[in-house]
Every structure is written in structure tokens, then in C-alpha cells.
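Counting from 44, one number per residue, gives the positions in the sequence shown under the numbering used here. Only one structure is covered here, and it is reproduced in the block below.
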Amino acid sequence: QKGEDEAMFVESEISPLVSYAGEGLQKLVEGRKFTTPVHLSQDFTMDEPEIVEGEW
């Protein structure tokens, strides 16, 4: 985030298998910095979501 009053928007994609309405995202991203674009995905064979940064 640029400053306390300035919002910074980034390109990201979150699979609905990871979070449909934003639930549970805080534990995945809190305190982390990402290189955009960011893609969070998960399938039924994975224990934890996969976070892919940069080029897809």
C-alpha cells in the first residue's frame, strides 16, 4: 500500500476453490508481499492453495 489514505490496486486472480467471497484469505496473504500478477489456486488434490506470482 502506498500510504495510509491511498489504495493500491493489483492484478490478481483467486480461484473460487480457494475463496468464494474472500473468506480465509487473510491467513494466506497477511504480512506477505507479492509480485503481480498473482494467482491463488487450489484443487482437490492439494492440502494448501498454490500462490503463483509474476508471469502466468
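The C-beta atom is built at its ideal place from N, Cα and C for all residues, glycine as well.
Evaluate residue i with the Cβ neighbour count: other Cβ atoms within 10 Å of its Cβ, from every protein chain shown; 16 or more gives buried, anything less gives exposed.
i, result
"V61", "buried"
Which same chain residues end up closer than 8 Å to residue i when comparing Cβ atoms and leaving out the 5 residues on each side of it in sequence?
i, result
"V81", "V53, E54, S55, E56, I94, V95 and E96"
"E73", "none"
"M89", "none"
Below 6 Å CB to CB, which residues in the same chain sit around residue i once its five sequence neighbours on both sides are set aside?
i, result
"S84", "S58 and E93"
"T79", "V53 and E54"
Suppose the cutoff is 7 Å on Cβ atoms and the five residues either side in sequence are ignored; what does the same chain contact list for residue i look like?
i, result
"E66", "none"
"F77", "E96"
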